[in-house]
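Numbering (the UniProt record's numbering), first residue to last: 1 to 238. Structure first, commentary second.
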Amino acid sequence: MAHLELQKVAKSYGAVEVIPGVDFEINSGEFLVLVGPSGSGKSTLLKMIAGLEETTSGKILVDGQDITHLDPSARDLAMVFQSYALYPHMTVRDNMSFALRMRGEDPAVIDQRVREAVAMLDLGGLEDRKPGQLSGGQRQRVAMGRCVVRNPKLFLFDEPLSNLDAKLRAQTRIEIRRLHERLKATSIFVTHDQVEAMTMADRIALLKDGKLQQIGSPQDLYLRPRNTFVATFIGTPE
Ligand code: ADP
Ligand code: MG
Numbered sequence: 001m002a003h004l005e006l007q008k009v010a011k012s013y014g015a016v017e018v019i020p021g022v023d024f025e026i027n028s029g030e031f032l033v034l035v036g037p038s039g040s041g042k043s044t045l046l047k048m049i050a051g052l053e054e055t056t057s058g059k060i061l062v063d064g065q066d067i068t069h070l071d072p073s074a075r076d077l078a079m080v081f082q083s084y085a086l087y088p089h090m091t092v093r094d095n096m097s098f099a100l101r102m103r104g105e106d107p108a109v110i111d112q113r114v115r116e117a118v119a120m121l122d123l124g125g126l127e128d129r130k131p132g133q134l135s136g137g138q139r140q141r142v143a144m145g146r147c148v149v150r151n152p153k154l155f156l157f158d159e160p161l162s163n164l165d166a167k168l169r170a171q172t173r174i175e176i177r178r179l180h181e182r183l184k185a186t187s188i189f190v191t192h193d194q195v196e197a198m199t200m201a202d203r204i205a206l207l208k209d210g211k212l213q214q215i216g217s218p219q220d221l222y223l224r225p226r227n228t229f230v231a232t233f234i235g236t237p238e
């Protein structure tokens, strides 16, 4: 688990300021859903936390340590994207163990971690298949497995369910929450879908034009929206 704190985290692309400065804290073990319309800055915020985009100003702290300008590989976190980005020529097992092998981890440890992840993600029997021989849902689980084997403190999900059909999306929501509990992780889950936010979140952070509109429990935002944007966004059925 990890405690994450954002202090006036801002992002400009050239002269264009897309995030003027966001402040929030995520408690250890919490599942936070970051929600907002397309273009509101959700991916940019996640990428700054992961170190995949330079933070223009402000600070990102994990367990009190300033990670704002740390190399991505030095951050103890894992990010799951919408596109699965699996290596097509590698088996499920090799895709999952890749990062650990690159790190020079002991083969016995790698084997153990992969076996645990395969069991946790219900991928038993598929270890020797290649991504092209898997369904969309199975590929997404392999992508999660690649993160799970690294045993990170912090999980970042960027709209991981967008490519799945409605039934699989509903099922995967539950699996992701279960994974979060089992790994005792701290998670940020990005979506533009308010139903996903309402059903998955411990707390929701609602973003618009790079500005935090409100952060609170689903009930809080539903019953006590701070402005009409929050009320409309949370209250409108899918
Ligand atoms: P979201 O994930 O909420 O849809 P993004 O974080 O992708 O939003 O984008 C936020 C804003 O930043 C958008 O206006 C987008 O056009 C802009 N943006 C994102 N990436 C870049 C980039 N590399 N260069 C310039 N502008 C960008
Ligand atoms: Mg995005």
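Built from N, CA and C at the ideal position, the CB exists for glycine as well.
Best match in the options for proximity to residue i [C-alpha to C-alpha]
{"i": "residue 261", "options": "82, 103, 220, 174", "result": "Because the chain spans 1 through 238 in this model, residue 261 falls outside it and cannot be assessed."}
{"i": "residue 83", "options": "69, 163, 26, 111", "result": "163"}
{"i": "residue 153", "options": "18, 28, 17, 14", "result": "28"}
{"i": "residue 172", "options": "13, 120, 2", "result": "120"}
{"i": "residue 92", "options": "135, 169, 232, 168", "result": "135"}
{"i": "residue 167", "options": "141, 192, 179, 137", "result": "137"}
{"i": "residue 4", "options": "63, 107, 16, 13", "result": "63"}
Same chain only: Cβ atoms within 7 angstroms of residue i, ignoring 5 sequence neighbours per side
{"i": "residue 208", "result": "36, 37, 40, 229"}
{"i": "residue 42", "result": "34, 36, 190, 207"}
{"i": "residue 117", "result": "96, 145, 148, 149"}
{"i": "residue 199", "result": "173"}
{"i": "residue 169", "result": "161"}
{"i": "residue 203", "result": "30, 32, 215, 216, 217"}
Identified DSSP bridge partners for residue i
{"i": "residue 181", "result": "Per DSSP, none; premise fails for residue 181."}
{"i": "residue 7", "result": "59"}
Secondary structure of residue i, DSSP reduced to three states
{"i": "residue 225", "result": "coil"}
{"i": "residue 210", "result": "coil"}
{"i": "residue 205", "result": "strand"}
{"i": "residue 94", "result": "helix"}
{"i": "residue 23", "result": "strand"}
{"i": "residue 43", "result": "helix"}
{"i": "residue 121", "result": "coil"}
{"i": "residue 191", "result": "strand"}
{"i": "residue 65", "result": "strand"}
{"i": "residue 237", "result": "Only weak support exists for where residue 237 lies, its pLDDT of 49 falling under 50; the coordinates are left without a value."}
{"i": "residue 17", "result": "strand"}
{"i": "residue 12", "result": "strand"}
{"i": "residue 29", "result": "coil"}
{"i": "residue 158", "result": "strand"}
{"i": "residue 48", "result": "helix"}
{"i": "residue 144", "result": "helix"}
{"i": "residue 1", "result": "coil"}
{"i": "residue 134", "result": "coil"}
Own chain residues within Cβ distance below 8 angstroms of residue i, not counting five before or after
{"i": "residue 157", "result": "79, 80, 176, 187, 188, 189, 190"}
{"i": "residue 143", "result": "80, 81, 84, 85, 86, 160"}
{"i": "residue 89", "result": "130"}
{"i": "residue 21", "result": "8, 9, 10, 57, 58"}
{"i": "residue 212", "result": "22, 23, 24, 205, 206"}
{"i": "residue 226", "result": "213, 214"}
{"i": "residue 53", "result": "11, 44, 47"}
Same chain, Cβ closer than 6 angstroms to residue i, five either side skipped, listed in chain order
{"i": "residue 237", "result": "Residue confidence is low: residue 237 scores 49 on pLDDT, short of 50, so the model does not pin down where it sits. No coordinate-derived value is stated."}
{"i": "residue 234", "result": "194, 221, 222"}
{"i": "residue 112", "result": "none"}
Near the ligand GDP: residue i beta-carbon under 7 angstroms from a heavy atom
{"i": "residue 159", "result": "In the structure shown, the ligand GDP is absent; the only ligands present are the ligand ADP and the ligand MG."}
Residues with a Cβ closer than 5 angstroms to any heavy atom of the ligand ADP, in chain order?
13, 18, 38, 39, 40, 41, 42, 43, 44
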